[in-house]
Amino acid sequence: MLDWQQACQVVTDANSILLVTHRNPDGDGIGSQIGLYHALKAAGKQVLMHNLDGVPRIYHFLDGAEKVTSGRNFPPAEDVDLMISLDCGNRHRLGLPDDLFDHLPLLNIDHHASNIGFGTINLLDPHACATGALVLELIRRLDLPVSAASANGLYVAIMTDTGSFRHANTTAAVFRMTAELVEAGAKPWPIAMSVYESNVPGRLQLLSDCLNTMEVRDGGRSAWLHVHQGMYGRTGTDMEDTEGFVEYARSIQDIEVAIFIRPGNDGSWKASLRSKSSIDIGHLAESLGGGGHRFAAGCTLHGKLPDILEQMQKAVSALFD
Ligand code: 5GP
Ligand code: MN
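Heads up: the sequence shown begins at 1203 in our numbering, then just goes up one per residue.
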């Protein structure tokens, strides 16, 4: 579903545009938002950005991140004539009240295979490495400039969703697109410094606690990590500081499935699932009420940690039967 013509038309016609992304936003959600924000501003649009959960600290360095509003104080819907959803597989995951923006046309830009096309107009490509890549294409088709500020956002989107150009979605086209962004002013080294080398010490203490929970199961095919609330308290950290922890479980030789579970912000638990084999971990996440991609997915769970671990361990073991 790639309605480029209609997408360009609806953006051209709009004066005031609201950009939103999913809850617990990641680099692709935020980078796409910032990348598109600057291009639309250059076109003379009024642009608002709102995420229920704001902008994670590691992305605060992006020019425009300070313009993203957060929480339940939603922008006045009567001031908006187009909403654009970025990197979000289903409408519910935006965390917006159902009725607030219902009357607005919705442009749905995403690369999750599970996205059913909940927009009025949809730009969906499950083969795109990142939503940021679709945003770059939209900016080009609209004939808008890619400023350095825009390029930095889109670079972050592609860098984070390809696992720093390591995952299976890293193609020659990705490198070409990334080179274009660097030519437009994206700065790989300062971006890498901000995203990967600006840890607070507590995050490493939390990682140490987390690695101590490591369990390898299913005859060496699955690896498990978790964090509990007491660990956040001891190290002065929160869920944001767990970004990337699941990759340690994934990095173990011969592991096929990696699972990391930690407390969310609202009493629930958040699971990150990764696959390194033919196992489609997105299906498992969907069956647990979440979603994602074949190799990277997630879901929210409720209950006590031992029960959740048991439930998930059964589900994962069944994948190997
Ligand atoms: P992560 O583990 O990095 O939080 O998420 C990995 C992938 O799974 C991302 O593409 C993300 O969009 C998706 N994902 C994570 N959590 C959820 C969830 O609760 N619901 C859905 N539908 N997708 C999720
Ligand atoms: Mn994405």
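Even glycine gets a Cβ: it sits at the ideal position worked out from N, Cα and C. For clarity, every value in this text was computed on a predicted model and none was experimentally measured.
Looking at the DSSP output, Lys1472 shares a beta bridge with Arg1464 and Thr1502. Here Ser1424 carries a strand assignment [DSSP, helix/strand/coil]. Not a single heavy atom of ligand 1 lies less than 7 Å from the C-beta of Arg1464. Cβ-Cβ distances below 6 Å link Ala1241 to Ile1341, Leu1346 and Ser1352 in the same chain, with the five nearest sequence neighbours on each side left out; the list follows chain order. In the DSSP annotation of this structure, Val1376 is not part of any beta strand (DSSP E); the continuous alpha helix (DSSP H) holding it starts and ends at Ala1374 to Glu1385. In this structure, Gly1237 and Gly1387 do not form a Cβ contact; the two beta carbons are roughly 12 Å apart against a cut-off of 8 Å. With contacts defined as CB atoms closer than 8 Å, Asn1217 and Asp1289 fail to qualify as a contacting pair. Residue environment for Asp1312: buried (at least 16 other C-beta atoms within 10 angstroms of its C-beta). Taking 8 Å as the cut-off, the beta carbon of His1428 is found closer than this to the beta carbon of Arg1464. The beta carbon of Asp1205 lies closer than 8 Å to those of Ile1323, Asn1324 and Leu1325 in the same chain, with the five residues before and after it left out. Exclusion of Ala1517 from the 7 Å shell around ligand 1 follows from its C-beta lying no nearer than that to any non-hydrogen atom of the ligand. Within its own chain, the residues whose Cβ lies closer than 6 Å to the Cβ of Leu1490, once the five positions on either side in sequence are excluded, are Cys1501, listed in chain order. For Gln1248, the pairing in a beta bridge is given by DSSP as Ser1218. For Asn1354 against Leu1221, the beta-carbon gap comes to about 16 Å, at or over 8 Å, which does not count as contact. The beta carbon of Asp1228 sits closer than 7 Å to at least one heavy atom of ligand 1. Of the other Cβ atoms in all chains shown, 16 or more fall within 10 Å of the Cβ of Thr1364; this residue is therefore buried. Contact check for His1314 against His1430 fails: the beta carbons are separated by 8 Å or more. Contact annotation: Ile1318 and Tyr1357 have beta-carbon atoms that are not nearer than 8 Å.
Pairing Met1395 with Leu1338 gives a Cβ-Cβ distance that is not under 8 Å. Beta-carbon to beta-carbon, Ala1498 and Gly1492 are separated by about 11 Å, too far to satisfy the 8 Å threshold. Judged by beta-carbon spacing, Ser1234 lies beyond the 8 Å limit of Asp1255, meaning their Cβ atoms are not closer than that value.
Counting only residues of its own chain and dropping the five nearest sequence neighbours on each side, Leu1507 has a CB closer than 8 Å to the CB of His1428, His1430, Ile1463 and Trp1471.
By the neighbour-count criterion, in which 16 or more other beta carbons inside 10 Å mark a residue as buried, Pro1278 falls on the exposed side. In the structure shown, Val1459 adopts extended strand secondary structure according to DSSP, grouped into three states.
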